[in-house]
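Read through the structure below, which is laid out as structure tokens, and then see the notes.
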Amino acid sequence: MQQPDWLQIGRWWQSLGPWAASCLRIGLVLLLAWLLIALLQRAIRAFRERLAKRLEDREAVQRADTLARVFRYSVKVLILLLAGTVILSELGVSVAPILGAAGVVGVALGFGAQSLVRDFLAGFFLLLEDQIRRGDVVTLDAHAGMVEEITLRYVRLRDYDGRVHFVPNGSIGAVINQSRGFAQAVIEIGVAYESDLDQVMQVMCEVAQVMRADPVFAARMLDGIELAGVENWADSAIMIRGRIKVVALEQWSVRREYLRRLKYAFDAHGIEIPYPRVEHRTLTAKPAPVAPALD
């Protein structure tokens, strides 16, 4: 078996000159950047899992998860920028003129980049003030849904129909968060004018008490129904309004089940729920009277 000619290999390597060393250094930079990103993702994942086991507060876990994702994204961008700068230097490209040109271009495009800067600043304060977290159900101006992702640039929501909304942070004016602390399942029922209102309210309270005794809903309901009383007199019904204090994000399921049970309870007590009706009548025309004959 022929042994490799190390002298020949050495001469070939020397003939490559500085390019070989530059390619080797560039490869090492790329490898190091990839390793740093992989280690960063693994460390953040382990930290998030450990924190989730220690923290019993669901809101604190969501906040930690959101901050971990943003931190991972920011550090990843920083690593890639540093790696790109080193690679350009190895290729013989001076970074200083590029930075100077970038400054000139940045001034020229400053007005056009105002929205981008506004998005990043708004995203920073959105996270700093802990206004929303991943997994929250929120309304951001005209957009509503569950928060799937928060970055310094945008918030990604998924609504009830499955549609995805990308909301730039700079365009967010008012934030309505339905996932903090507790919620209220608002109940508004219309009953006939002939109904006994005291009986109606008693039945509504009894239905809420039965639900609280149900193991399925006992953990969701924080209190019984709080009746505000008669809300208004509608065209064909008396509107009674109340609310049930529930765990956050459980207001819809509790309200649906309460309305279902209340319908059966009203039927059992003979309480009428008015609804629009159309009455058809068939009228038979009478024959016109015959005028008397003239002689």
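Reading the sequence shown from the start, the letters are residues 2 to 296 in the working numbering.
Backbone N, C-alpha and C define an ideal beta-carbon position, used for all residues, glycine too.
Only a predicted model underlies this, so the values are computations on that prediction, with no experimental measurement involved.
Span of the alpha helix (DSSP H) around residue i
i, result
"ARG261", "252 to 269"
"ASP199", "198 to 214"
Where residue i sits in the DSSP three-state scheme
i, result
"ILE38", "helix"
"LEU122", "helix"
"GLY230", "strand"
"LEU110", "For LEU110, the predicted structure reports a pLDDT of 48, less than 50, and the residue's modelled location is therefore unreliable. The matter cannot be settled from this model."
"LEU92", "coil"
"ALA235", "coil"
"GLY136", "coil"
"GLU195", "coil"
"THR283", "coil"
"ALA249", "coil"
"TYR242", "Just to set this straight, residue 242 is Arg in the shown sequence, not Tyr. If DSSP states are grouped into helix, strand and coil, ARG242 belongs with the strands."
"GLY28", "helix"
"GLY174", "coil"
"GLY163", "coil"
Supposed close pair residue i, residue j - CB separation, criterion 8 Å
i, j, result
"MET212", "MET202", "Actually they are not in contact, since the Cβ atoms of MET212 and MET202 sit about 16 Å apart, beyond 8 Å."
"GLN148", "ILE133", "Reading the sequence as shown, one finds Val at residue 148 and not Gln. Indeed they touch by this definition, with Cβ atoms about 6 Å apart."
"ASP137", "ASN170", "About 15 Å; that fails the 8 Å criterion."
"VAL231", "ILE241", "6 Å"
Limits of the unbroken beta strand (DSSP E) element including residue i
i, result
"TYR155", "155 to 159"
"ILE190", "183 to 192"
"ALA145", "144 to 151"
"ILE272", "Where ILE272 is concerned, there is no enclosing beta strand (DSSP E), given that its DSSP letter is neither H nor E."
"ASN170", "ASN170 -> no beta strand (DSSP E), and no H or E assigned at all."
Would the segment 238 to 248 count as touching the segment 183 to 193 if we require 3 or more Cβ pairs under 8 Å? yes
Are there three or more Cβ pairs, one per stretch, closer than 8 Å when the segment 262 to 274 is compared with the segment 217 to 234? Contact between the segment 262 to 274 and the segment 217 to 234 is absent, because fewer than three Cβ pairs lie under 8 Å.
Kindly confirm or deny that the segment 20 to 34 and the segment 71 to 84 touch, where touching means at least three C-beta pairs closer than 8 Å. yes
For the structure I just gave you, are there three or more beta carbon pairs, one from the segment 232 to 240 and one from the segment 256 to 266, closer than 8 Å? no
Would you say the segment 164 to 179 touches the segment 136 to 153, given that touching needs at least three Cβ pairs under 8 Å? yes
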